[in-house]
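Engineer: Below you will find the structure I want to go over with you.
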């Protein structure tokens with residue numbers, strides 16, 4: 001990949017040597033002698049990578065980086081620091097810089113840093129192109145994480161067969177998206193993809209929903225109704241939260257999986273259906289089997305191919321990519337043109353643990369897109385629970401007197417608990433072992 005690179009350094013010899021070496025690597029290189037010139041050049045041309053010296057006379061590198069961050073400039077910035085200025089480099093990373101190297105830096109390290117960033121940008125482009133091609137910006141295809149690429153590889157192979165698949169993972173992690181991904185790559189892709197949410201239904205309603213019912217089968221059954229399994233004939237039935245169905249229905253579902261047949265509620269005629277079943281759960285079904293809450297034979301019948309969808313916190317490098325994809329979608333839906341995330345916003349998004357996973361991230365981006373008054377989404381638009389988790393002290397606890405350090409620790413501890421609970425004070429209080437009224441008082445005390 002041939003890249004556009006900008007070198008910003010007030011030292012003529014260093015700047016020229018680095019620019020020349022970049023051209024030797026096969027890239028295009030421009031030079032800027034100071035911060036003002038860097039801002040001017042970057043405003044007129046898009047760069048993939050920028051080398052930025054922090055210590056420059058006049059407008060320093062940190063001020064330049066802040067300007068780019070606030071403007072949502074898309075280049076990956078590698079800051080160059082003198083010996084002993086590591087603290088400044090860390091602050092630059094917090095402001096959105098992609099990497100930092102100490103001067104004088106070995107050209108081999110510089111080339112490796114450029115290649116790493118360019119490889120990531122290329123992978124992002126490939127993933128985005130694939131997502132556009134198949135209409136998915138849903139958190140499954142858009143991933144640079146090894147755990148996800150391995151998962152998608154296995155899922156693609158599993159799609160070619162007809163075996164039952166069990167997807168496990170936390171709520172909002174993308175199990176339904178993975179089920180759709182598998183269906184779209186299977187020989188059944190032209191058939192229907194039928195979704196059934198098992199957790200939201202009563203025992204009688206889920207039975208009717210899955211298997212259908214005959215007229216007069218129960219009060220209110222004024223006409224015959226086909227079930228969702230029947231509707232999935234020739235395609236795929238996705239049973240979400242299958243771990244919540246009752247033992248009686250577990251037995252009926254097991255019979256269908258073994259024989260491919262069932263009777264409607266209130267009926268006697270055997271219905272034969274050819275559909276693939278993909279089930280999903282956020283429960284630990286192995287534990288449920290041991291506790292006799294879930295049939296062992298049904299578990300093994302569902303878990304012919306088991307796939308675990310990792311939570312978003314285990315693939316945090318995907319968060320900026322997903323956020324941009326969702327933002328592009330919502331900007332289009334709102335007729336807003338191109339919206340972009342400020343670097344500080346992206347930084348906070350990446351640090352947040354996302355207990356609600358991809359679904360929560362998607363909702364957060366939609367909220368920001370709706371509330372934004374400008375084209376750049378600043379951190380003040382983030383949901384309260386995300387902002388609460390990012391309450392950082394200006395000093396590390398070890399640099400503070402013990403009383404202030406304890407205050408800082410408690411504040412961060414409570415903020416993180418709220419974040420993990422998705423802002424729900426009742427859940428946070430239970431996990432912390434506190435009365436909700438006491439937690440509420442502490443939230444007010446610490447300004448959370």
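Numbering (full-length UniProt numbering), first residue to last: 1 to 448.
Virtual Cβ for every residue (Gly too), placed ideally from N, Cα, C.
All values reported here derive from a predicted model rather than from experimental measurement.
1) Taking the beta carbon of residue 76 as the centre, do at least 16 other beta carbons fall within 10 Å, making it buried, or is it exposed?
2) Ordered along the chain, which non-local residues of its own chain (more than five positions away) have a Cβ less than 8 angstroms from that of residue 263?
3) How is residue 54 classed by DSSP in three states: helix, strand or coil?
4) What number of angstroms, rounded off, separates the C-alpha of residue 438 from the C-alpha of residue 322?
5) Taking the C-alpha atoms as reference points, what is the distance between residue 118 and residue 300?
6) Measure the C-alpha to C-alpha separation of residue 436 and residue 162 and round it to an integer number of angstroms.
7) Find out if the Cβ-Cβ distance for the pair residue 52, residue 79 is shorter than 8 angstroms.
8) Consult DSSP for residue 102 and reduce its assignment to one of helix, strand or coil.
9) Taking all protein chains shown into account, do 16 or more other C-beta atoms lie within 10 angstroms of the C-beta of residue 218, making it buried, or fewer, making it exposed?
10) Enumerate, from N- to C-terminal direction, the unbroken beta strand (DSSP E) stretches of 3 or more residues contained entirely within the region 318–406.
11) If we require 3 or more residues per run, which beta strand (DSSP E) segments fall completely within the region 253–320?
12) Apart from the five residues just before and just after residue 9, which ones in its own chain have a Cβ nearer than 6 angstroms to its Cβ?
13) Using a 10 Å radius around the Cβ and a threshold of 16 neighbouring Cβ atoms, would you call residue 284 buried or exposed?
14) Which partner residues of residue 239 appear in the DSSP bridge assignment?
15) Would you check whether the ligand HEM has a heavy atom nearer than 7 angstroms to the C-beta of residue 337?
16) Classify residue 384 as buried or exposed, calling it buried when 16 or more other Cβ atoms lie within 10 Å of its own Cβ.
17) Tell me the DSSP secondary structure of residue 442 in three-state form.
18) When you compare the CB positions of residue 229 and residue 256, do they come within less than 8 angstroms of one another, or not?
19) Measure from the alpha carbon of residue 113 to the alpha carbon of each residue in 48, 88 and 158, then state which is nearest.
20) Is DSSP giving residue 222 helix, strand or coil here?
21) Three-state secondary structure (DSSP) at residue 24?
22) For residue 168, name the three-state secondary structure that DSSP assigns.
23) Cα separation between residue 346 and residue 96?
24) On the premise that residue 304 lies in contact with residue 173, defined as a C-beta separation below 8 angstroms, what is that separation, rounded to the nearest angstrom?
25) Apart from the five residues on each side of it in sequence, which residues of its chain come closer than 6 angstroms, Cβ to Cβ, to residue 449?
26) Work out the CA separation of residue 32 and residue 175 for me, nearest whole Å.
27) Whole-angstrom Cβ separation of residue 327 and residue 341, contact assumed at under 8 angstroms?
28) Quick check on residue 212: does DSSP put it in helix, strand or coil?
29) Hey, quick one: how far does the beta strand (DSSP E) through residue 464 stretch, first residue to last?
30) Which of helix, strand or coil does DSSP assign to residue 205?
31) Taking the beta carbon of residue 370 as the centre, do at least 16 other beta carbons fall within 10 Å, making it buried, or is it exposed?
32) Work out the CA separation of residue 226 and residue 281 for me, nearest whole Å.
33) Hey, could you find the ends of the alpha helix (DSSP H) residue 434 is sitting in?
34) Can you tell me which residues form a DSSP beta bridge with residue 8?
35) For residue 389, which residues from the same chain have a beta carbon less than 8 angstroms from its beta carbon, with the 5 sequence-adjacent residues on both sides left out?
36) Using C-beta distances below 7 angstroms, list every residue in its chain close to residue 98, excluding the 5 sequence neighbours before and after it, in chain order.
Structural biologist: Reading it off the structure:
1) When all chains shown are included, residue 76 counts as buried.
2) Cβ within range, chain order: 211, 269, 270 and 271.
3) Judged by DSSP in its simplified three-state form, residue 54 adopts coil rather than helix or strand.
4) Approximately 37 angstroms between the Cα atoms of the pair.
5) In this structure, the CA atom of residue 118 is about 44 angstroms from the CA atom of residue 300.
6) Answer to the nearest angstrom: the Cα atoms are 49 angstroms apart.
7) Yes, Cβ-Cβ distance for residue 52 and residue 79 is below 8 angstroms.
8) DSSP places residue 102 in strand when its eight states are reduced to three.
9) So residue 218 ends up on the exposed side.
10) When DSSP assignments are scanned along the region 318–406, no uninterrupted stretch of beta strand (DSSP E) that is 3 or more residues long falls wholly within it.
11) Qualifying beta strand (DSSP E) stretches, in chain order: 261–263, 270–272, 276–281 and 305–308.
12) Hits under 6 angstroms: 15 and 53.
13) Burial state of residue 284 is exposed, judged by a 10 Å Cβ sphere holding fewer than 16 other Cβ atoms.
14) Partner(s): 196 and 279.
15) The ligand content of the structure shown is nil, which means the ligand HEM is not present either.
16) By the neighbour-count rule (16 or more Cβ atoms within 10 Å), residue 384 is not buried but exposed.
17) It is helical.
18) For residue 229 and residue 256, yes; Cβs fall inside 8 angstroms.
19) Nearest C-alpha to residue 113 among 48, 88 and 158: 48.
20) Residue 222: coil per DSSP, three-state reduction.
21) In the structure shown, residue 24 sits in a helix (DSSP, three-state: H, G or I).
22) Residue state, collapsed to three classes: strand.
23) Between residue 346 and residue 96, the alpha-carbon positions lie close to 8 angstroms from each other.
24) That belief does not hold up - the Cβ atoms of residue 173 and residue 304 are roughly 21 angstroms apart, past 8 angstroms.
25) Lying before the first or after the last residue shown, residue 449 is absent from the chain, which here runs from 1 to 448.
26) Approximately 48 angstroms between the Cα atoms of the pair.
27) The beta carbons of residue 327 and residue 341 sit about 7 angstroms from each other, so the pair counts as a contact at 8 angstroms.
28) Looking at residue 212 - three-state DSSP - the assignment turns out to be strand.
29) No information on residue 464 is available, as it lies outside the stretch 1 to 448 that the chain covers here.
30) DSSP places residue 205 in helix when its eight states are reduced to three.
31) That one is exposed.
32) Whole-angstrom Cα-Cα distance: 25 angstroms.
33) No alpha helix (DSSP H) holds residue 434; DSSP gives it neither H nor E.
34) In the DSSP assignment, the residues bridged to residue 8 are 32 and 52.
35) Excluding positions up to five away in sequence, the list reads 351, 352, 353, 415, 416, 418 and 419.
36) Excluding sequence neighbours, residue 98 sits near 76, 77, 78 and 117.
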